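Worksheet for the structure shown next.
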Amino acid sequence: MVVEALQCLRPHSGGLYIDATVGLGGHSAAILDAAGDGARLIGIDQDPGALDLAQERLRPYGPAVTLVEANFADLDAAFDEVGETDADGILMDIGMSSYQIENSGRGFSFTRDEPLDMRMNPETELTAAHVVNRYREEDLEAVIRDYGEERWAGRIARAVVERRKQGPLATSRQLASLIEGATPGSARRRRHPATRTFQALRICVNDELGALRLGLDKALDRLRPGGTLCVIAFHSLEDRIVKRRFRAAAESLEPTYELLTKRPMTAEDEVLDNPRARSAKLRAIRRAPTSGNADDSES
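Using our numbering, count along the sequence shown one by one with no gaps and you end on 297.
The structure is reproduced here in structure tokens:
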């Protein structure tokens, strides 16, 4: 959703922008290209492998780019890195990158035979293997139901507990096959039956919803007057959190914020090139400009 993000951010010369989920650097490059001379960008990612790739992608921009290894919940570290306190625009794309799905080797995809890891930051402790093999049945069911919104969470959790009596589940393909056998045929018509369970495990392992709530609070606080926060979400749990936080911010008296998206923007054109974009929803909010720069913010 590069086009939609740029429409909301409106990058300009001399601005400071935060790509809070830099991934492979595609959004960052687009922001800098649109902003022109004098703009700077801080790219944040908790995955060191993704940061290495982003560094190569963004090398032509030289000192205009600073990359920081951190979760977007720790925006403070990024600002400390460059000695700034606020930004003209912040982008949070909270979906999985193609690198993590296809090349990380951490079991994010049910189509691959990889270790059940699912850590975005490989230095954290909790893994998907621990959740699958050590959680009690009722706790595992709650994870799958609450984070995956999976109708068949009880069946899947029960099947996992029975299967692990034979030995631990070690790979993504083992788990996907087990889930496929535990769900009815009707659950396989629209999507792979493991989709929601894999989502739930990833959210649990990385505390994604907790990080999102904290990241939104910090991002709103770090916007300059007239600055914009854009968030791209890929499933309903994330989107609901963003919607409610933005609504609360827009209803606050001080500082004041303006909702730029009464309804989420979607990327109909991008779906042709990137099928994952079909579930993407972008919401944006702007901090009200001060009286001195009100005209500039509306130009």
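For glycine and all other residues, C-beta sits at the position ideal for the given N, C-alpha and C. Bear in mind the structure is a predicted one, so any value in this text is a computation, not a measurement.
Residue i, buried or exposed, once every other Cβ within 10 Å from all chains shown has been counted against 16
i, result
"Glu236", "buried"
"Asp31", "exposed"
"Arg284", "buried"
"Leu251", "exposed"
"Gly213", "buried"
"Asn101", "exposed"
"Arg189", "exposed"
"Pro120", "exposed"
"Arg261", "exposed"
Rounded C-alpha distance that separates residue i from residue j
i, j, result
"Pro182", "Phe108", "18 angstroms"
"Val269", "Ala18", "Caution applies to Val269, whose pLDDT of 49 falls short of 50 and renders its modelled position unreliable; the model cannot decide the point."
"Glu147", "Ala140", "10 angstroms"
"Asn52", "Ser95", "Reading off the sequence, residue 52 comes out as Ala, not Asn. Rounded to whole angstroms, Ala52 to Ser95 spans 12 angstroms at the Cα level."
"Lys163", "Ile40", "48 angstroms"
"Ser234", "Ser11", "35 angstroms"
"Glu178", "Leu199", "16 angstroms"
"Asp43", "Arg57", "16 angstroms"
"Ala265", "Leu167", "37 angstroms"
"Glu256", "Leu176", "47 angstroms"
"Val66", "Cys202", "24 angstroms"
"Gln197", "Gln5", "30 angstroms"
"Val159", "Ile230", "35 angstroms"
"Arg298", "Tyr59", "Because the chain is modelled from -1 through 297, residue 298 falls outside the range shown and cannot be assessed."
"Glu136", "Thr193", "20 angstroms"
"Lys241", "His25", "22 angstroms"
Beta-bridge partners of residue i, as assigned by DSSP
i, result
"Asp72", "Paired residue(s): none; Asp72 is not in a bridge."
"Arg285", "Tyr255"
"Arg38", "Leu14"
"Ile88", "Ile16, Leu227"
"Pro191", "Bridge partners of Pro191: none, in fact."
"Leu221", "Ala85"
"Asp43", "Glu67"
"Pro262", "Answer is none; Pro262 lacks a bridge partner."
"Pro113", "Thr169"
"Lys216", "Lys216 is not bridged to any residue."
Nonlocal neighbours in the same chain, by C-beta distance under 6 angstroms from residue i, ignoring five residues either side
i, result
"Thr288", "Pro223"
"Arg38", "Leu14, Ala62"
"Met263", "Glu2, Leu280"
"Arg161", "Leu176"
"Met118", "Gln44, Asp45, Asn204"
Close beta carbons around residue i, own chain, < 7 angstroms, minus the five adjacent residues each side
i, result
"Ile239", "Leu207, Leu210, Arg211"
Among the options, the one whose alpha carbon lies nearest that of residue i
i, options, result
"Val20", "Glu139, Ala127, Gly36, Ile88", "Ile88"
"Leu124", "Arg104, Arg110, Gly23", "Arg104"
"Thr254", "Thr122, Leu218, Ser170, Glu67", "Leu218"
"Ile298", "Arg149, Glu2, His233, Glu67", "Examination of residue 298 is not possible in this model, given that the chain is present from -1 through 297 alone."
"Asp35", "Pro61, His25, Val66", "Pro61"
"Ile92", "Ala71, Arg110, Val80", "Ala71"
"Gly165", "Pro46, Ala127, Arg143", "Ala127"
"Asp45", "Thr122, Val80, Ala151", "Thr122"
"Leu258", "Ala246, Cys228, Glu249, Ala278", "Cys228"
"Asp144", "Glu112, Thr195, Ala157", "Thr195"
"Thr169", "Glu135, Glu136, Val130", "Val130"
Close Cβ partners of residue i (< 8 angstroms) along its chain, the five nearest in sequence each way excluded
i, result
"Arg220", "Ile16, Leu73, Phe77, Thr83, Asp84, Ala85, Ile88"
"Arg243", "Arg211, Leu214, Asp215, Leu218"
"Leu22", "Ala48, Leu51, Ala52, Arg55, Ser95, Ser96, Tyr97"
"Trp150", "Ala180, Thr181, Pro182, Ala185, Pro191"
Contact test: residue i Cβ vs the ligand COA heavy atom, cutoff 8 angstroms
i, result
"Glu236", "Among the components of this structure there are no ligands whatsoever, and the ligand COA is therefore not found."
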